[in-house]
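Enquirer:
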Amino acid sequence: MSTYTFDYARAQSVDEALTLLAGHDGEARLLAGGHSLIPAMKLRLTAPTLLIDVSGLEDLAAVTLDGGHLAIGALTTHRAVETSELVRTHCPALAEAAAGIGDPQVRNRGTIGGSLAHADPAADYPALVLALDAEIEMTSRDGTRTVSADDFFVDMYTTALAAHEMLTRVRIPVLGHGEGAAYAKFANPASRYAVVGVAAKVSLADGTCRAARVAVTGAAPKAFRATAVERRLAGRPLTEAVIAEAVRGLADPNELLSDLSGSAEYRAHLCEVMATRALREAAARAA
Numbered sequence: 000m001s002t003y004t005f006d007y008a009r010a011q012s013v014d015e016a017l018t019l020l021a022g023h024d025g026e027a028r029l030l031a032g033g034h035s036l037i038p039a040m041k042l043r044l045t046a047p048t049l050l051i052d053v054s055g056l057e058d059l060a061a062v063t064l065d066g067g068h069l070a071i072g073a074l075t076t077h078r079a080v081e082t083s084e085l086v087r088t089h090c091p092a093l094a095e096a097a098a099g100i101g102d103p104q105v106r107n108r109g110t111i112g113g114s115l116a117h118a119d120p121a122a123d124y125p126a127l128v129l130a131l132d133a134e135i136e137m138t139s140r141d142g143t144r145t146v147s148a149d150d151f152f153v154d155m156y157t158t159a160l161a162a163h164e165m166l167t168r169v170r171i172p173v174l175g176h177g178e179g180a181a182y183a184k185f186a187n188p189a190s191r192y193a194v195v196g197v198a199a200k201v202s203l204a205d206g207t208c209r210a211a212r213v214a215v216t217g218a219a220p221k222a223f224r225a226t227a228v229e230r231r232l233a234g235r236p237l238t239e240a241v242i243a244e245a246v247r248g249l250a251d252p253n254e255l256l257s258d259l260s261g262s263a264e265y266r267a268h269l270c271e272v273m274a275t276r277a278l279r280e281a282a283a284r285a286a
């Protein structure tokens with residue numbers, strides 16, 4: 000299906016992009032890699048009258064270490080996340096997840112900010128930022144605000160990002176001593192989207208789980224925390240038996256998606272399997 004007629008502007012700065020956004024009353028969209036937005040436009044799932052190309056804003060394509068956090072610019076490509084030495088050193092699970100996104104063309108054009116803003120229910124990053132306790136930075140002409148990943152995802156393809164705001168940065172706490180994180184995904188063999196993906200972060204002390212964060216993508220209308228699993232793990236050694244007990248019944252099939260990739264019941268089963276794999280690997284890395 001072809002697209003319709005729309006206007007196009009290439010922003011030379013963040014300020015220019017924000018001015019254009021503010022002046023079009025919710026009818027403009029930001030264009031970064033375009034791998035999510037353009038197909039959505041072709042399917043008429045969204046119909047902006049103006050595309051604001053921000054792909055040339057190099058200031059938003061950097062990965063830095065900032066006060067105990069990885070600061071990842073919104074325009075950082077999946078490939079750059081995958082290959083960044085800072086990400087590989089301080090948050091290897093994120094680099095590994097980026098390596099499993101789509102194909103080389105997608106990884107070299109798609110961006111972390113675009114993926115998060117699009118909030119596809121089968122995207123990988125939402126589970127990662129939830130499990131890693133990330134913060135999402137959003138900027139408008141009124142200034143910058145930051146929300147936790149827990150508060151960012153509202154519904155399918157819906158986030159806390161307002162129409163006049165631009166997602167500018169993702170801040171992720173670096174892993175400390177005794178902490179480990181991992182991501183396990185059962186992928187659609189064609190698209191590499193997650194049928195179910197689970198990210199886990201654990202903090203160990205003397206072999207006991209002090210805290211855990213477990214997040215699921217691909218299974219429901221939006222990524223979600225498995226808080227019951229987290230509670231069952233707290234204060235216990237992460238043995239195979241404890242993990243198996245904790246993940247049992249992780250998701251209610253009545254709350255999950257059914258489509259060509261799998262039924263809700265199948266996804267519920269995959270949630271337990273992927274959570275087991277992610278927790279096992281996260282615990283091994285934390286030890």
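Using numbering that gives the first Met the number 0, you'd call the opening residue of the sequence shown number 0 and step up by one each time. Virtual Cβ for every residue (Gly too), placed ideally from N, Cα, C.
Could you pull out every unbroken beta strand (DSSP E) segment of at least 3 residues lying fully inside the stretch 122-194, listed in chain order?
Expert: Here the runs fully enclosed are 134-139, 142-147, 152-154, 165-172, 178-186.
Enquirer: Tell me the DSSP secondary structure of residue 230 in three-state form.
Expert: Here residue 230 sits in helix by DSSP.
Enquirer: Only counting the same chain, and skipping five residues up and downstream in sequence, which positions put a Cβ closer than 8 angstroms to that of residue 28?
Expert: Counting only Cβ-Cβ distances below 8 angstroms, and skipping sequence neighbours, we find 36, 45, 47, 49, 50, 51.
Enquirer: Is residue 59 helix, strand or coil by DSSP?
Expert: Of the three classes helix, strand and coil, the one that applies to residue 59 here is helix, per DSSP.
Enquirer: What residues match up with residue 200 in a beta bridge as DSSP calls it?
Expert: According to DSSP, residue 200 bridges with 180, 212.
Enquirer: Quick test of the definition: if touching needs 3 or more C-beta pairs under 8 angstroms, does the stretch 229-244 touch the stretch 169-177?
Expert: No: the two stretches stay apart, fewer than three of their Cβ pairs being nearer than 8 angstroms.
Enquirer: Are the stretch 79-86 and the stretch 179-194 touching, with three or more C-beta to C-beta distances below 8 angstroms?
Expert: Contact between the stretch 79-86 and the stretch 179-194 is absent, because fewer than three Cβ pairs lie under 8 angstroms.
Enquirer: In this structure, how does DSSP classify residue 37 when only helix, strand and coil are distinguished?
Expert: Helix at residue 37.
Enquirer: According to DSSP, is residue 27 part of a helix, a strand, or is it coil?
Expert: Correct three-state label for residue 27: strand.
Enquirer: Is residue 7 near the ligand SAM, judged by its Cβ being under 7 angstroms from some heavy atom?
Expert: Within the structure as shown, the ligand SAM is missing, as the structure has no ligands at all.
Enquirer: Looking at the structure shown, is residue 225 part of a helix, part of a strand, or coil, going by DSSP?
Expert: Correct three-state label for residue 225: coil.
Enquirer: Is the beta carbon of residue 207 sitting closer than 8 angstroms to the one on residue 235?
Expert: Cβ atoms of residue 207 and residue 235: closer than 8 angstroms.
Enquirer: Alpha carbon to alpha carbon, how far is residue 21 from residue 230?
Expert: Cα to Cα, residue 21 sits roughly 43 angstroms from residue 230.
Enquirer: If I'm right that residue 273 touches residue 184 with Cβ under 8 angstroms, what's the distance once you round it to whole angstroms?
Expert: About 7 angstroms separates the two Cβ atoms, so the contact holds.
Enquirer: Sorted by chain position, which residues of the same chain lie with C-beta nearer than 8 angstroms to residue 108's C-beta, five sequence neighbours on each side aside?
Expert: Only 32, 33, 34, 76 meet the Cβ criterion.
Enquirer: For residue 255, which residues in the same chain have their Cβ closer than 7 angstroms to its Cβ, ignoring the five residues on either side in sequence?
Expert: Around residue 255: 218, 219, 263, 266, 267.
Enquirer: Does residue 110 come out as helix, strand or coil in the three-state DSSP assignment?
Expert: Strand, per DSSP.
Enquirer: Using the Cα positions of residue 63 and residue 169, report the straight-line distance between them to the nearest angstrom.
Expert: Approximately 11 angstroms, taken between the alpha carbons.
Enquirer: Please list, in chain order, all residues of the same chain as residue 209 whose beta carbon is under 7 angstroms from its beta carbon, the five residues on each side excluded.
Expert: For residue 209, where only same-chain residues beyond five positions count, the Cβ hits under 7 angstroms are 202, 203.
Enquirer: Whole angstroms is fine: what's the gap from residue 257's alpha carbon to residue 25's?
Expert: One C-alpha to the other measures close to 32 angstroms.
Enquirer: Suppose you measure from the CA of residue 240 to the CA of residue 278; what does that come to, to the nearest Å?
Expert: The alpha-carbon atoms of residue 240 and residue 278 are separated by roughly 12 angstroms.
Enquirer: For residue 237, report the span of its beta strand (DSSP E) as first-last.
Expert: Unbroken run through residue 237: none, as it is neither H nor E.
Enquirer: Mark residue 6 as exposed unless 16 or more other C-beta atoms lie within 10 angstroms of its C-beta, in which case mark it buried.
Expert: Per the 10 Å Cβ criterion, exposed.
Enquirer: Which stretch, first to last residue, makes up the beta strand (DSSP E) that contains residue 7?
Expert: Counting along the chain, the beta strand (DSSP E) containing residue 7 begins and ends at 6-9.
Enquirer: Out of 1, 214, 55, state which residue places its alpha-carbon closest to the alpha-carbon of residue 38.
Expert: When only C-alpha atoms are compared, the closest one is 1.
Enquirer: Which partner residues of residue 116 appear in the DSSP bridge assignment?
Expert: Answer by DSSP bridge pairing: none, since residue 116 is not bridged.
Enquirer: Just reading off the alpha helix (DSSP H) that residue 14 is part of, what are its end residues?
Expert: Here the alpha helix (DSSP H) through residue 14 covers 13-21.
Enquirer: Can you give me the C-alpha to C-alpha distance between residue 69 and residue 131, rounded to a whole angstrom?
Expert: Residue 69 and residue 131: Cα-Cα distance of roughly 11 angstroms.
Enquirer: Where does residue 275 sit, in a helix, a strand or coil, going by DSSP?
Expert: Residue 275: helix per DSSP, three-state reduction.
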